[in-house]
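Presented below is the structure to which this report refers.
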Amino acid sequence: MQINNGEKKNTQYVSFYIAAGSKLFMNEVSPIAAGVTALRASADVIYSDPNDFSVAIDYSERYGLILLISAMGILSAFENGTATLVVMSKISTSLIFTSVSEHIED
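With the first letter of the sequence shown counted as 1, position 29 gets the number 184 in my numbering; the numbers rise by one all the way through.
Next up, the structure:
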């Protein structure tokens, strides 16, 4: 943003941001049958710390949940299909920058 003062003939530049955040989007990408509505859902991802951000996302087919892990160790579980937040819990006191998915067949 630039602020001008015509009388003093000076200019001042100001930098700022208003907000930062994330959003989880779910969209149906496979072909669907006639008369069936495609899945479209979204949810705001809530961070308790302004410096936090998502580092991993995984899907639990067994429970029908989308699991999102943040750098500050917060696990957010969203219901598949509605994007409703089911649970949000701190799972680590250390910073997290990567994750590994382990899919075990029952």
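The beta carbon of each residue, even a glycine, is placed where N, CA and C say it ideally should be.
What residues in its chain sit with their C-beta under 8 Å from that of D207, if we drop five residues either side in the sequence?
On the sequence shown, position 52 is the one that residue 207 refers to. So the qualifying residues of the chain are S225, A226, M227, I229.
Per-residue DSSP class, three states only, for S204:
Position 49 of the sequence shown, counting from 1, holds the residue named residue 204. Sequence check: residue 204 is Asp here, not Ser. Residue state, collapsed to three classes: coil.
Endpoints, beta strand (DSSP E) assigned at V191:
Within the sequence shown, residue 191 is the residue found at index 36, counting from 1. Per DSSP, V191 belongs to no beta strand (DSSP E) and is neither H nor E.
Which residue or residues does DSSP assign as beta-bridge partners of N182?
For the purposes of this step, residue 182 is taken as residue 27 along the sequence shown, with counting starting at 1. For N182, which the question treats as bridged, DSSP gives the partners R195.
Could you round the C-beta distance between T133 and A196 to whole angstroms and report it? I think they count as a contact, below 8 Å.
Because the chain here runs from 156 to 261, residue 133 falls outside it and cannot be looked at.
Nearest-angstrom Cα separation, counted from I212 out to E234
Counted from its first residue, the sequence shown places residue 234 at position 79. Counted from its first residue, the sequence shown places residue 212 at position 57. C-alpha separation (whole angstroms): 13 Å.
Mapping the DSSP letters down to three states, classify E257 as helix, strand or coil.
Counted from its first residue, the sequence shown places residue 257 at position 102. DSSP, read as helix, strand or coil, puts E257 in coil.
At what residues does the beta strand (DSSP E) containing A211 begin and finish?
Counting from one through the sequence shown, the residue named residue 211 turns up at place 56. A211 -> beta strand (DSSP E) spans 209-215.
Contacting residues, own chain, Cβ-Cβ under 6 Å from I201 (five flanking each side not counted)
For the purposes of this step, residue 201 is taken as residue 46 along the sequence shown, with counting starting at 1. Excluding its 5 nearest sequence neighbours in each direction, I201 has no C-beta neighbour in its own chain below 6 Å.
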